[in-house]
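Undergrad: Sharing a structure, written as structure tokens. Questions coming.
In the UniProt record's numbering, the protein residues as written are 1 to 367.
Structure representation (structure tokens):
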């Protein structure tokens with residue numbers, strides 16, 4: 001296949017309610033959408049999930065646009081591709097910038113699946129016709145957080161992640177655990193702690209948590225190894241894993257027992273599959289993380305979650321959890337805590353280009 005055309009849209013969406021973590025609060029969401037077209041007229045879609053500020057990784061929407069506009073799209077256009085993994089070979093000379101790379105990588109995977117007339121989940125080796133959905137509860141007043149959990153329980157969500165930070169951790173989680181003694185509960189620290197906080201983190205062992213996600217520095221693997229030896233609660237690494245090599249190092253060092261895979265963070269579906277296969281060989285459990293995405297990225301996440309070792313419910317909530325209106329049709333729906341995998345070719349959802357035109361702030365076509 002040869003990519004003959006790329007269309008880029010920058011859009012602005014507003015979350016239904018502000019979302020707070022130890023890093024900060026997000027309500028207005030900038031995103032970049034990419035549509036790639038091949039020589040036969042097949043199209044595929046990807047989504048840049050970087051934030052407007054570099055608080056999660058060093059990338060932002062503006063840096064991603066620069067990389068796409070000046071380097072990545074020109075590198076991809078008019079190149080002969082035998083398979084989607086070839087995109088990674090084209091991009092290898094360009095360091096990092098994983099979220100920019102991931103959007104094009106995923107768009108090519110969507111296009112490739114459509115050329116095969118198969119669902120993306122089937123093309124990447126998925127084994128599930130439905131995936132279990134988890135949900136994230138941002139930092140807020142404890143009464144608000146409890147009400148949110150009650151609502152999500154009624155919706156059937158299978159796993160509950162609560163954001164924490166120093167001063168809003170043990171007591172907050174204990175109140176939640178006391179009221180909801182049996183829910184699958186985990187904590188996400190977003191790198192808010194250091195090894196000097198190990199006694200505070202050790203207290204969380206009392207609360208029967210599924211895991212604590214990324215307690216220490218976002219680029220650390222070694223200190224997490226030391227912390228995991230001190231606590232019983234499994235550590236899950238998120239920000240520390242930006243490549244398959246990072247995952248291998250973390251596994252060899254016994255720095256974690258679980259890994260969160262975000263397609264954008266690791267550079268695309270191709271790398272996400274490599275990490276999955278590595279973790280299968282080593283018996284490490286996986287789940288799909290979320291980035292406050294719109295529907296295109298959410299659809300790619302659903303496909304990824306069908307792979308065999310994604311055994312923990314991911315951060316793949318319903319579209320209505322975040323948006324008044326999503327950019328795909330139909331929107332992602334959660335029924336009794338699960339999302340049914342669409343059987344249509346590619347990501348399985350139609351793109352609402354008419355709606356995209358109403359929320360775009362910029363667009364550009366590359367030939």
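C-beta: ideal position from N, C-alpha, C; glycine also.
Once DSSP output is grouped into helix, strand and coil, what is the label at residue 109?
TA: Here residue 109 sits in helix by DSSP.
Undergrad: Hey, quick one: how far does the alpha helix (DSSP H) through residue 88 stretch, first residue to last?
TA: From DSSP, the alpha helix (DSSP H) with residue 88 extends over 86–91.
Undergrad: So, with DSSP's three-state summary, where would you put residue 236?
TA: Three-state DSSP puts residue 236 in a strand.
Undergrad: Along the chain, where does the alpha helix (DSSP H) containing residue 28 start, and where does it finish?
TA: Careful: residue 28 lies outside any alpha helix (DSSP H), inside the beta strand (DSSP E) at 25–38.
Undergrad: In this structure, what does DSSP give as the bridge partners for residue 212?
TA: Note: residue 212 sits in a beta bridge opposite 187 and 235.
Undergrad: Is it true that the CB of residue 48 sits closer than 8 Å to the CB of residue 99?
TA: A contact, by the Cβ cut-off of 8 Å.
Undergrad: If you drop the 5 nearest sequence neighbours on each side, which residues of the same chain put their C-beta closer than 6 Å to that of residue 7?
TA: If we look at residue 7 and ignore the five residues flanking it on each side, its Cβ neighbours are 35 and 365.
Undergrad: Does residue 366 come out as helix, strand or coil in the three-state DSSP assignment?
TA: Correct three-state label for residue 366: strand.
Undergrad: In the DSSP assignment, find the alpha helix (DSSP H) that holds residue 170 and state where it starts and stops.
TA: Here the alpha helix (DSSP H) through residue 170 covers 170–179.
Undergrad: Between which residues of its own chain and residue 192 is the CB-CB distance below 8 Å, once the five residues before and five after are set aside?
TA: Taken in chain order, the residues that qualify are 22, 164, 165, 166 and 215.
Undergrad: Could you please give me the residues that DSSP links to residue 7 through a beta bridge?
TA: DSSP lists 35 and 365 as partners of residue 7.
Undergrad: Roughly how many angstroms separate the alpha carbons of residue 319 and residue 107, rounded to a whole number?
TA: Each residue's alpha carbon lies about 20 Å from the other.
Undergrad: If we ignore side chains and look at the alpha-carbon of each, how far apart do residue 19 and residue 55 end up?
TA: Straight-line Cα distance between these residues: approximately 14 Å.
Undergrad: For the beta strand (DSSP E) that contains residue 285, what are its first and last residues?
TA: Taken as a continuous stretch (DSSP letters only), the beta strand (DSSP E) holding residue 285 covers 285–288.
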